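Below: one structure, written as structure tokens.
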Amino acid sequence: MSVSGLAPFDRRGHNRRVILDALRRLGSASRAELAATTGLSAQTLSSIADDLCREGLLKIVGRRASARGQPPIDLAIDRDGGFAVGIHVEHGRLTGVLADLGAEIRAETVLSCDTATPETAIGGACLIVEGLVSAAAIDRARLWGVGIVLPGPFGPIDLMPDPLSMAAWSRADFSGTYAAALKLPVLVGNDATAAAIGEHLHGVARDLRSFVYLYIAEGIGGGVFVDGQPATGAFGNAGEIGRMVIGMAEDGWTPITLEDHASLDALRRRLSEAGLSEAAADDDARLFAARPDVVADWRQSAARYLRMAIATVENLFDPETIVVGGPLPPPELRALIAALEPLLPTVSLRKDRAQPRVMMGSAGRASPALGGATLPLFQGLTPQPRAARVPKGLRMARQSAASSGADIRTRPGATNGGGAR
């Protein structure tokens with residue numbers, strides 16, 4: 007298979023991920039079954055599988071009875087072969103989990119601390135990592151990295167002030183500072199996208215290639231999977247579905263968004279308006295027990311607007327399913343999903359569906375932190391797409407030309423003063 011015109015391609019590294027991804031989905035398989043599943047030659051697969059076994063990423067889980075010849079040997083991912091930590095950043099709180107190579111949580115913790123800026127929380131992040139490693143009793147050298155996730159949007163975006171966002175974090179590049187402090191690779195991501203990755207690796211979306219994850223929390227986030235890969239957008243802000251405009255205020259200029267009605271923040275505001283300010287400040291479990299009538303009204307309002315959002319998402323992305331999750335207590339999340347029925351007719355209204363249009367996420371409150379932990383695991387476990395590389399000089403010239411209205415043309419092989427680096 008030719009790879010000319012593409013970025014440098016690590017074929018063996020890609021094939022390692024293909025094998026690991028297949029075993030993640032199959033659970034266990036023989037070398038012959040893996041060769042048939044992945045399309046790799048028996049020789050290539052056997053060589054890479056042997057390497058993965060020596061490195062402790064795969065293990066032999068048994069031999070099958072065979073009528074003749076050598077009995078087939080089943081291989082599986084060794085869950086102790088690697089670990090990662092996920093940290094979910096919220097206002098005043100860090101939630102941390104340590105997950106193994108199978109995306110199973112080995113230890114979790116919650117730390118109340120100052121999260122106003124990355125600088126104020128760095129000590130808390132160090133305590134989280136060391137505490138999780140100690141609680142799980144693992145070798146720190148087996149940690150693949152740390153995934154830190156938080157609400158978006160990311161970057162210097164000119165929006166109205168949003169109390170639900172964490173601009174001091176999402177507009178800063180703190181990964182290098184944290185990597186130095188933790189002495190580990192650090193990946194930063196959107197909490198909803200990370201939760202979607204968690205559901206894909208170890209949840210209800212395990213066998214799905216295209217789905218959308220709706221994360222119902224203080225705000226509302228979304229994670230979009232297309233052909234087995236998370237779609238992050240040009241600047242990391244794909245899936246900010248909570249900002250979907252569902253109407254305009256009476257002034258004709260102020261947008262009314264989905265999370266104005268369907269988020270936990272909206273429920274807290276309803277409780278405050280009902281004279282229950284103290285209950286509105288409670289944690290999620292007590293929040294739903296404060297006034298069942300107010301909660302019921304919020305649920306119906308939230309379902310009405312979520313039904314509209316789901317219809318839009320289905321018509322835009324044509325997903326296999328919509329997964330709904332978040333920190334709501336499971337009975338409340340189940341009740342909210344039930345209130346979505348009947349769903350609006352969209353392109354997803356098919357008679358040959360293999361799964362429901364809407365499914366309940368399985369990771370619960372820990373889903374963003376688990377998703378954070380799966381960021382390093384996902385990078386190592388799944389095949390990564392390749393993209394054509396545009397030379398830097400050509401890219402800059404085109405950007406300059408676009409701003410001036412000029413037309414840039416190049417001859418075959420020319421780089422306009424910039425080479426691939």
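FYI, in the numbering used here the residues of the sequence shown are 7 to 427. Idealized CB from N, CA, C, for every residue including glycine. Since this is a predicted model, take the numbers as computed values, not measurements.
In the structure shown, ALA211 adopts coil according to DSSP, grouped into three states. Under the 10 Å beta carbon count, HIS97 is surrounded by fewer than 16 other beta carbons and is classified as exposed. Here PHE217 really is in contact with PRO325; their C-beta atoms are around 5 Å apart, less than 8 Å. In the same chain as GLN361, and ignoring 5 residues on each side of it, the C-beta atoms closer than 7 Å to its own belong to GLU326 and THR327, in chain order.
In this structure, ASP197 lies near VAL155, with their beta-carbon atoms less than 8 Å apart. Counting only unbroken stretches of 3 or more residues, the beta strand (DSSP E) elements lying wholly within the stretch 281-343 are 327-331, in sequence order.
About 7 Å separates the Cβ atoms of ARG112 and ALA105, confirming a contact at the 8 Å cut-off.
Residue pairing of MET365 in beta bridges, as defined by DSSP: VAL329.
The beta carbon of LEU342 sits closer than 6 Å to the beta carbons of ARG305 from its chain, once the five residues preceding and following it are set aside; these are given in chain order.
Pairing ILE252 with THR263, the inter-Cα distance amounts to about 5 Å. Here DSSP, grouped into helix, strand and coil, assigns LEU349 to coil. Secondary structure of SER278 (DSSP, three-state): helix. A contact is defined here as three or more CB-CB pairs under 8 Å, and the stretch 366-376 meets this definition with respect to the stretch 84-94. Judged by DSSP in its simplified three-state form, HIS206 adopts helix.
For TRP175, the enclosing alpha helix (DSSP H) covers residues 173-176. Close CB contacts of ASP303 within its chain, under the 8 Å cut and outside five residues either way in sequence, are with ARG276 (chain order). Inside the stretch 41-119, DSSP marks whole beta strand (DSSP E) runs of 3 or more residues at positions 64-69, 79-83, 89-96, 99-106 and 111-118, from first to last along the chain. Scanning GLN76, SER34 and PRO335 for the CA closest to the CA of ILE66 turns up SER34. Checking the DSSP bridge columns, you'll see PRO261 partnered with MET254. By the Cβ test, the stretch 116-126 is not in contact with the stretch 140-152, since fewer than three Cβ pairs between them sit closer than 8 Å.
With contacts defined by Cβ atoms closer than 8 Å, TYR184 and ALA131 form a contacting pair.
Look at PRO124 here: in three-state DSSP terms it is helix. Ranked by Cα distance from SER176, the first of PHE241, ILE25 and GLY129 is PHE241. Between the beta-carbon of ILE54 and that of ARG18 there is about 7 Å, and that keeps the pair under the 8 Å contact cut. In the three-state DSSP reduction, ASN196 falls in the strand class (E or B). Counted as a single uninterrupted DSSP element, the stretch harbouring ILE247 is not any alpha helix (DSSP H), since DSSP gives it neither H nor E. Going by C-alpha positions, THR318 is about 55 Å away from GLN76. DSSP places SER34 in the coil class of the three-state scheme, outside both helix and strand. With contacts defined by Cβ atoms closer than 8 Å, GLU110 and HIS208 form a contacting pair. For GLY161, there is no enclosing beta strand (DSSP E), since its DSSP letter is neither H nor E. Minimum Cα-Cα distance from ALA272 among the listed residues LEU193, GLY331, ILE25 and ILE226 corresponds to ILE226. By the neighbour-count criterion, in which 16 or more other beta carbons inside 10 Å mark a residue as buried, THR380 falls on the buried side. Taking each of ALA186, GLU39 and HIS20 in turn and checking the Cα distance to ILE128, the smallest one comes out for ALA186.
Following the DSSP letters along the chain, one finds ALA237 inside the beta strand (DSSP E) bounded by residues 235-237.
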